[in-house]
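Student: Chains as they are written, first to last, in our numbering: chain A, 1 to 255; chain B, 1001 to 1255; chain C, 2001 to 2255; chain D, 3001 to 3255.
Number of protein chains: 4
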Amino acid sequence: MSARPLIVVAGVGAGKGTGGSTARLFAKEGYRVALIARGADSLNALAAEINQAGGEAAAFPIPEYSYKGVLVVFDSILSHTWPSPGATELRVALWNASAGAFKNFLDVTEEDIQNSVNLNVVASFAFSRRAVLAFKENTLDANGARGTLLFTGATAAIRGNTWTSAFAAGKFGLRALSHSLAKEFGKENIHVAHAIIDGVLKRERHGSKPLEEGQEEANVRLNPDAIAKTYKHLVEQDRSSWSWEIDLRPAHEKW
Amino acid sequence: MSARPLIVVAGVGAGKGTGGSTARLFAKEGYRVALIARGADSLNALAAEINQAGGEAAAFPIPEYSYKGVLVVFDSILSHTWPSPGATELRVALWNASAGAFKNFLDVTEEDIQNSVNLNVVASFAFSRRAVLAFKENTLDANGARGTLLFTGATAAIRGNTWTSAFAAGKFGLRALSHSLAKEFGKENIHVAHAIIDGVLKRERHGSKPLEEGQEEANVRLNPDAIAKTYKHLVEQDRSSWSWEIDLRPAHEKW
Amino acid sequence: MSARPLIVVAGVGAGKGTGGSTARLFAKEGYRVALIARGADSLNALAAEINQAGGEAAAFPIPEYSYKGVLVVFDSILSHTWPSPGATELRVALWNASAGAFKNFLDVTEEDIQNSVNLNVVASFAFSRRAVLAFKENTLDANGARGTLLFTGATAAIRGNTWTSAFAAGKFGLRALSHSLAKEFGKENIHVAHAIIDGVLKRERHGSKPLEEGQEEANVRLNPDAIAKTYKHLVEQDRSSWSWEIDLRPAHEKW
Amino acid sequence: MSARPLIVVAGVGAGKGTGGSTARLFAKEGYRVALIARGADSLNALAAEINQAGGEAAAFPIPEYSYKGVLVVFDSILSHTWPSPGATELRVALWNASAGAFKNFLDVTEEDIQNSVNLNVVASFAFSRRAVLAFKENTLDANGARGTLLFTGATAAIRGNTWTSAFAAGKFGLRALSHSLAKEFGKENIHVAHAIIDGVLKRERHGSKPLEEGQEEANVRLNPDAIAKTYKHLVEQDRSSWSWEIDLRPAHEKW
Chain A
1 MSARPLIVVA GVGAGKGTGG STARLFAKEG YRVALIARGA DSLNALAAEI
51 NQAGGEAAAF PIPEYSYKGV LVVFDSILSH TWPSPGATEL RVALWNASAG
101 AFKNFLDVTE EDIQNSVNLN VVASFAFSRR AVLAFKENTL DANGARGTLL
151 FTGATAAIRG NTWTSAFAAG KFGLRALSHS LAKEFGKENI HVAHAIIDGV
201 LKRERHGSKP LEEGQEEANV RLNPDAIAKT YKHLVEQDRS SWSWEIDLRP
251 AHEKW
Chain B
1001 MSARPLIVVA GVGAGKGTGG STARLFAKEG YRVALIARGA DSLNALAAEI
1051 NQAGGEAAAF PIPEYSYKGV LVVFDSILSH TWPSPGATEL RVALWNASAG
1101 AFKNFLDVTE EDIQNSVNLN VVASFAFSRR AVLAFKENTL DANGARGTLL
1151 FTGATAAIRG NTWTSAFAAG KFGLRALSHS LAKEFGKENI HVAHAIIDGV
1201 LKRERHGSKP LEEGQEEANV RLNPDAIAKT YKHLVEQDRS SWSWEIDLRP
1251 AHEKW
Chain C
2001 MSARPLIVVA GVGAGKGTGG STARLFAKEG YRVALIARGA DSLNALAAEI
2051 NQAGGEAAAF PIPEYSYKGV LVVFDSILSH TWPSPGATEL RVALWNASAG
2101 AFKNFLDVTE EDIQNSVNLN VVASFAFSRR AVLAFKENTL DANGARGTLL
2151 FTGATAAIRG NTWTSAFAAG KFGLRALSHS LAKEFGKENI HVAHAIIDGV
2201 LKRERHGSKP LEEGQEEANV RLNPDAIAKT YKHLVEQDRS SWSWEIDLRP
2251 AHEKW
Chain D
3001 MSARPLIVVA GVGAGKGTGG STARLFAKEG YRVALIARGA DSLNALAAEI
3051 NQAGGEAAAF PIPEYSYKGV LVVFDSILSH TWPSPGATEL RVALWNASAG
3101 AFKNFLDVTE EDIQNSVNLN VVASFAFSRR AVLAFKENTL DANGARGTLL
3151 FTGATAAIRG NTWTSAFAAG KFGLRALSHS LAKEFGKENI HVAHAIIDGV
3201 LKRERHGSKP LEEGQEEANV RLNPDAIAKT YKHLVEQDRS SWSWEIDLRP
3251 AHEKW
C-alpha cells in the first residue's frame, strides 16, 4: 500500500486566505494536511472543518516564525501520528507566512525590518531545509517529482515602493531563496515555484478599500480558492515542464 | 443550446510540438480546433488524426505569416462551416508560430531579421487583432473570461545571446505585445498570457544534441503534452487570479 | 599622428534632443561628428552650429531608416572626406532613432507596427553591423575599447503599456539586439550599452503636458545635455568595468 | 564660505577594493572621507594614506555591522571634528559592506543566513536612515541634489544561484531597499543608486581563480578604480537624469 501524501502549509492565518484555501483543496485531493500558524484557535477551527468534511488535518501552532521554531514545528509534523492507518510522505510544502510593515521609510523601525527578514527570509530557510531534506527521501511520484516547494510571493518581491521598503526587502529575499533552490534541487527532481500575488485578496477585504461603484469583486480581488488551484497545477506539472515563477492578478487589476 | 468553443492554433508545424499537443488536448475537452500552419500536408494529417479520435478539427494552411495572410486565414476560420451542428465561439487563440535565425550577429542577413520581426511581431499583431475583436463579442464564460490569448515565448524573449540576436529581437517584441494586451484587455475580461519555454522540446530531438550518458529524456526535454496542460490551466484560471507570464523548463535544465 | 575619433549619431531629429546634445558634447571633446536624420534642413543647421563653434560636423540626411538606407548612409560617412587634415576612426556610434505609434491596440494599423519594427529593429541591425565592422578595424583606445555602440531605449523597452504596443514591440526588440551584441562583442573589446530613458525630455515640451503648479522643469523633465554626459561616461568607462544598461529619469519622476 | 562635502564609505575592508578606491577618488575631488570597516588597522592605514596624499580622511572602526552599531558609528562621523577649518556637509554615502556564505543550500547554517540579512539588509536600513536624514538638511548642490546614496550590489542581487542562496537573499533585499528609497526620496532631490557588480574584482585575486592562458587582467577583472569613477559619475549626474541602476562587468565577462 502506498504512502499517503502530506502537505505542510505554513502561514494559515485565520484560515480565510491562500493558506486555508490550499489546505482545503489538497485535503479534498487526498492529502494529509499539516497546518502551521501563530494563532492556535483559528488553526484548530480550520483543522476541525477539514476533518469534518472528510479530510485529514492537524494543527501545529507555532509561537513565532523563528529559524528554530520552524525546525521544531516541522519535526513535530514529520513525526506526527495520523489517526488513519498508513504511512505518510511529505510531498508538498507551502511557505505562505509573511510579515511586513507598510510605512514610509523613516517610520520603519529596527524591529520592523528585523521582523521582516527574520520571518520572510531566515525562517523560510529553515522551512525549506526541512522540506528539501524530507523530499530527498522520496521516490519519484507519477509526475516525476520527489516533492514540490511553493512560495507565496508578492509584487513587493520584484518592486520596491515608497511604503514597502521593509516588506519588499523580505519578499525580494524570499524570491532569491526560491531561485537558488529551484536551480539547485531541480536536478534532484524537487520542484520549487514562486508565485507573485499581485493584488488584494478577497478575504482581506476587511481593512482594504471598499469596491468602487460598478466594480465586481471577482474582477478586482484575488480569490484564494483560485490561487490554490494554480498551486495544485504547479504541483501536478510534469517534470519535463516545470515553472519556477508565475504571476497572479485580478482581471481588472491596473498594473 | 450553448455555442461550441473554438480554439485557433497558429504555428502547428508538423504537429509534433506545442501547437499539435495543444490542439489534441483542447479537442478532447470539446473544443473545435482550427489549425494554422504553412505546410498543408502535415496540417491535414493532424486534422484527420483529431477527427478520427472523435474531435473536430479543420486545417487552414497559410502561404506565409504576413499581416494580411493572417487576417485572411483568421477570417476564413471565423466563417468556417463546421460539419457538426451548433454555433461556434472563439474562446482560445494560441500564437505558437515562430521564426528565428540562430547565427552570430555578423552572419544575420537583412532577410533574417526582417523575417523574424515580420512573423514574430507584425503577424502576431494581426493574429491578436482578430482574436481580441472576436473575444469582445463573447459573454463571460464560467471562469469569467471572454477569451484567452496565449503566446508561446522562449528564453530569447527575456535574454539576448551571442547567436540569437535576430530571434531574440522578434521574441522580445512578441513579449512586449503580450504585456500591452494583458494590461489593456484584462479590463474587458480578456485573458492574455505569455509562456517562456526555456529548453529543448522532446519532439525537436532531430537536430538537437543527443542525450548525455545517464540523462532521462523526461528530465531534460520539454514534453509538448505537458506544455499543453499548462496552457489548459491558464485558460481555466478564474478571472480573479490570472497569470500573464509563466516559465516552463525541464527539471534538470541548467539555468 | 593619431587618427581623429568619429562619432556617428543616428536620430538627430530637429537637433534639440538627445542626438543633438550628444553631437555637441562629443564635438567639444574633439570628435568628428556625422549626423543622420530624415530632415536635411535641421540637420544642416546643427552641423553648421557645431562647425561655427569650432567643432567638425557633417550632415548625412537619410530618406528613410530602412536597412539598405542605413547601410548606404553609413558607408558614405565612412568614406567622407573631412575638411581638416588627418585620418578618421569611428569610435562611437549612437542609435537614437525611434519610431512609435501611441494608440490603443485596436487603433494600431499594419503600417504602424511595420514601421516600428522596421526602424527600431531592422534598421538598427544595419546600423550595428556597420558600427561593429568598423570597430573591429580599430586598435584599443586608452580605455581598452575598440569602439562603443550606444542605444537610446525607453521605458517601453522593458514594459508594455495599454497605448504602447507598437512602440514597445520595437523598443523591446532593440534592447534584445543590444543584449546580444554586448555579449558577443564584449570579448572583442567592443562596448555596447543601452540606456532606458524613463520620462519626458525637456525639449519635447511641445506637445507634452505643461508643468504642474510648483514643478520645476529641472526636476521633472530629462535634460538631453545631461543624457549626453552619461553617454560620454559610458564611452569613457574602463574595459574592466563596462555597463550594458543604465536607466535615466528625472529626480521627481513617479515610477 | 561653503561647507566641505563629506563622503561616508561603509565596507572599506582592507582598502584594496571598491570602498578604498571610492574613498581615494572622492578625497582627490575635495571630499572629506569617513571610512567604516571592521578592521581598525587597515582602516587607519587607508586614512593615513589619504591624509598623506593631501586628502582628509578619518577612520571609524565598527565592531560589527548591526543596526545599532551602524547608527552609533554614523553619529560619531556626523559629530566628528575635522582638523582643517570649515563646516562639513554629508553629500555622499556609499554602502559597500557585504556578507555572504557561498555554499550549497544544505550547508547554509542559521548563522549564515542570519548574518547575511543582518548585515546586507538590517544594517543597511540603519545606514540609509542616517544618510537620508542628513541629506534632508542640505540645500541643493550644483547638480540639484541634496545627497547621493550609493549601494554596491552584485549579480546575486538579481539572480539566485546554486551556491549563493544566503548571499542572494541578502543582496536581493538590499536592492529592494534601494528601489524603495529611490522612489520615495527622489522627490526630495535625494539620489539613490544601485550598482550591479557582475564579476570578480582585481584586488580579490587572492583566492579567486588564476587568469587563464591568454587572458589580460584588465579584460576579465573589475578594477575598483574604474568602479569608483562610475560612482563619481552617478554622484555628478544632473537631477533631470538620474540613474537608479547600472551594471558593471569586465569586457570579456561571459554573461
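All C-beta atoms, glycine included, are put in the ideal place defined by N, C-alpha and C.
Small disclaimer: the values here were computed from a predicted structure and weren't measured.
Determine, for A168(A), whether the minimum Cβ-Cβ distance to residues of chain D falls below 7 Å.
Tutor: So, interface residue.
Student: Could you tell me the distance, in whole angstroms, from the CA atom of N44(A) to the CA atom of K2171(C)?
Tutor: Rounded to whole angstroms, N44(A) to K2171(C) spans 54 Å at the Cα level.
Student: Which residues, in order along the segment 1113-1132 of chain B, keep a beta-carbon less than 8 Å from a beta-carbon of chain C?
Tutor: Result list: I1113, Q1114, V1117, N1118, V1121, V1122, F1125, A1126, S1128, R1129 and V1132.
Student: Less than 7 Å between CB atoms is the rule here; does R2186(C) satisfy it with respect to chain D?
Tutor: This sequence places Gly at residue 2186(C); Arg is not what is there. Yes - at least one Cβ of chain D is within 7 Å of the one on G2186(C).
Student: Could you compute how far the alpha carbon of G2173(C) sits from the alpha carbon of A1168(B)?
Tutor: Each residue's alpha carbon lies about 7 Å from the other.
Student: Please confirm whether A3093(D) and Y3065(D) have their CB atoms less than 7 Å apart.
Tutor: No, Cβ-Cβ distance for A3093(D) and Y3065(D) is not below 7 Å.
Student: Give the C-beta separation of A2101(C) and A2014(C) to the nearest angstrom, bearing in mind that I take them to be a contact with Cβ-Cβ under 8 Å.
Tutor: At roughly 20 Å, the Cβ-Cβ gap does not stay under 8 Å, so A2101(C) and A2014(C) are not in contact.
Student: Beta-carbon of S1180(B) versus every beta-carbon of chain C: anything under 7 Å?
Tutor: Output row for S1180(B): interface = yes.
Student: Secondary structure at G3170(D), three-state DSSP: helix, strand or coil?
Tutor: It is helical.
Student: Compute the distance between the beta-carbons of A3251(D) and G2186(C), then report whether it is under 7 Å.
Tutor: In this structure, G2186(C) lies closer than 7 Å to A3251(D) by Cβ.
Student: What is the DSSP secondary structure of G1153(B), counted as helix, strand or coil?
Tutor: Strand at G1153(B).
Student: Just to check my reading of the structure: L1248(B) and D1198(B) have Cβ atoms closer than 8 Å, yes? What is that Cβ distance to the nearest angstrom?
Tutor: Confirmed, Cβ separation roughly 7 Å.
Student: My understanding is that R2239(C) touches A2131(C), with C-beta atoms under 8 Å, so please give their C-beta distance in whole angstroms.
Tutor: 17 Å between Cβ atoms; not a contact.
Student: DSSP three-state call for H2179(C): helix, strand or coil?
Tutor: Three-state result, H2179(C): helix.
Student: Distance, Cα to Cα, L2234(C) vs K3229(D)?
Tutor: Near 11 Å, if we compare the C-alpha coordinates of K3229(D) and L2234(C).
Student: Of the residues that make up the segment 2215-2227 of chain C, which ones have a beta carbon closer than 7 Å to any beta carbon in chain D?
Tutor: For the segment 2215-2227 of chain C, which is checked against every Cβ of chain D, the residues closer than 7 Å are A2218, N2219, R2221, L2222, N2223, A2226 and I2227.
Student: Out of S3178(D), G3153(D) and N3219(D), which has the shortest C-alpha to C-alpha gap to E2140(C)?
Tutor: Residue identity differs from the one stated: residue 2140(C) is Leu in this sequence, not Glu. The shortest C-alpha separation from L2140(C) is found at N3219(D).
Student: At least one CB of chain D closer than 7 Å to the CB of L211(A): is that the case?
Tutor: So no, L211(A) is outside the interface.
Student: Which residue marks the beginning of the beta strand (DSSP E) containing R1091(B), and which one marks its end?
Tutor: That run of the beta strand (DSSP E) goes T1088 to W1095.
Student: Looking at E3089(D) and A3003(D), is the spacing between their C-beta atoms short of 7 Å?
Tutor: Yes; because the gap between Cβ atoms is below 7 Å, this pair is in contact.
Student: Between the segment 2138-2169 of chain C and chain B, which residues of the former have a C-beta closer than 7 Å to a C-beta of the latter?
Tutor: So the list reads R2159, G2160, N2161, T2162, T2164, S2165, A2168 and A2169, given in the order they occur along the chain.
Student: Mind checking whether V192(A) and L181(A) have CB atoms under 7 Å apart?
Tutor: Yes, these two residues count as a Cβ contact at 7 Å.
Student: Considering only the alpha carbon of each residue, which of P85(A), I62(A) and Y67(A) lies closest to I77(A)?
Tutor: The candidate whose alpha carbon is nearest that of I77(A) is I62(A).
Student: Taking DSSP's pairing of strands, which residues face W1242(B) in a bridge?
Tutor: Paired residues: R249(A).
Student: If you drop the 5 nearest sequence neighbours on each side, which residues of the same chain put their C-beta closer than 7 Å to that of A47(A)?
Tutor: Only L35, A57, A58 and A59 meet the Cβ criterion.
Student: Among R1038(B), I1007(B) and A1023(B), which has the Cα closest to the Cα of L1119(B)?
Tutor: It is R1038(B).
Student: From which residue to which residue does the alpha helix (DSSP H) around I2113(C) run?
Tutor: Unbroken alpha helix (DSSP H) run through I2113(C): E2110 to V2117.
Student: Throw me the rounded Cβ distance for the I2196(C) and I2158(C) pair, which I believe falls under 8 Å.
Tutor: Confirmed, about 6 Å.
Student: Return yes when the Cβ of T3022(D) is within less than 7 Å of the Cβ of V3009(D), no when it is not.
Tutor: Contact flag set, yes.
Student: Mind checking the segment 81-99 of chain A against chain B and listing, in chain order, the residues whose C-beta falls within less than 9 Å of any C-beta there?
Tutor: Taking 9 Å as the Cβ-Cβ cut-off against chain B, none of the residues of the segment 81-99 of chain A qualify.
Student: Within 7 Å (strictly less), CB to CB, does L177(A) reach chain D?
Tutor: Yes - at least one Cβ of chain D is within 7 Å of the one on L177(A).
Student: Which one of I2246(C), A2053(C) and S2116(C) has the shortest CA to CA distance from E2029(C)?
Tutor: That would be A2053(C), whose Cα lies nearest to the Cα of E2029(C).
Student: Can you give the Cα-Cα distance for K1202(B) and E1217(B), rounded to whole angstroms?
Tutor: So the alpha carbons of these two residues sit roughly 7 Å apart.
Student: Is there at least one Cβ from chain D nearer than 7 Å to F60(A)'s Cβ?
Tutor: Cβ-Cβ to chain D under 7 Å: no for F60(A).
Student: Of the residues that make up the segment 3034-3065 of chain D, which ones have a beta carbon closer than 9 Å to any beta carbon in chain A?
Tutor: Result list empty, no residue passes.
Student: Using CA atoms only, rank isn't needed, just tell me which of D2041(C), E2212(C), Y2067(C) and Q2237(C) is closest to A2142(C).
Tutor: Here the closest residue by C-alpha is Q2237(C).
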